[in-house]
Amino acid sequence: ERLHSVKALDGNKQEEEEAMMQEWFMLVNKKNALIRRQNQLSLLEKEHDLERRFELLNRELRAMLAIEGTIHTHTHTHSGLEVSGRRESSRYPRLKECSLVSLQTGRRRRLRREREQLLDELVILVNKRDALVRDLDAQEKQAEEEDEHLERTLEQNKGKMAKKEEKCVLQ
220 ERLHSVKALD GNKQEEEEAM MQEWFMLVNK KNALIRRQNQ LSLLEKEHDL
270 ERRFELLNRE LRAMLAIEGT IHTHTHTHSG LEVSGRRESS RYPRLKECSL
320 VSLQTGRRRR LRREREQLLD ELVILVNKRD ALVRDLDAQE KQAEEEDEHL
370 ERTLEQNKGK MAKKEEKCVL Q
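Residue numbers (our numbering): 220 to 390.
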């Protein structure tokens with residue numbers, strides 16, 4: 220409002236107008252810096268969330284691999300259905316062996332599918348994090364360019380004001 224009222228007056232207040240324009244540029248720059256910082260913090264928060272999710276999926280994957288290893292070892296150790304160092308003397312030892320192997324094979328297939336899903340999720344998370352980092356870098360570069368542009372503009376305005384002050388000599 221002050222700027223508009225000053226513009227409405229004669230050319231006598233041009234110096235005040237230029238000072239107000241510089242102040243306005245500075246305020247706009249501060250506002251833009253705050254908005255950039257808010258966006259930066261938002262991206263950092265998202266990156267942190269992705270890193271936490273990545274760690275959880277990694278732990279889940281390690282646990283799953285440990286279970287797969289246990290099932291694999293258990294299947295190979297017990298495939299002969301030996302009990303206390305001797306062969307099982309049941310009426311249908313092969314039937315029990317087939318059931319056990321079939322059960323273990325089903326578990327392994329299910330675990331393999333789950334492992335593949337986890338790996339797919341991990342890849343997606345890594346890609347999302349990479350995109351966030353690229354966005355953050357792009358925002359920082361843009362902020363630097365905007366700051367440089369504003370500094371040049373302010374320097375140009377200061378130069379103009381200094382030239383006008385040189386012309387205005389007190390007599």
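Each residue gets a CB set at the ideal place from its N, CA and C atoms; glycine is no exception.
L269 sits buried, since 16 or more C-beta atoms from the chains shown fall within 10 Å of its C-beta. Under the criterion of beta carbons closer than 8 Å, E363 and M283 do not qualify as touching, at roughly 45 Å. Selection L341, K250, S261 and E287 evaluated against E274 yields L341 as nearest (Cα-Cα). Rounded to whole angstroms, the gap between the alpha carbons of L253 and E266 is 20 Å.
Within a 10 Å sphere around the beta-carbon of L260 sit fewer than 16 other beta-carbons, which makes this residue exposed.
Inclusion of L351 and L246 in the CB contact set at 7 Å is not warranted, their separation being larger than that value. With a cutoff of 7 Å on beta-carbon distance, R272 and L344 are scored as near each other. With contacts defined as CB atoms closer than 7 Å, Q241 and N376 qualify as a contacting pair.
Judged by their CB atoms, N277 and L369 are not nearer to each other than the 7 Å cut-off. Closest by C-alpha distance to E287, out of F244, E335, R353 and E264, is E335.
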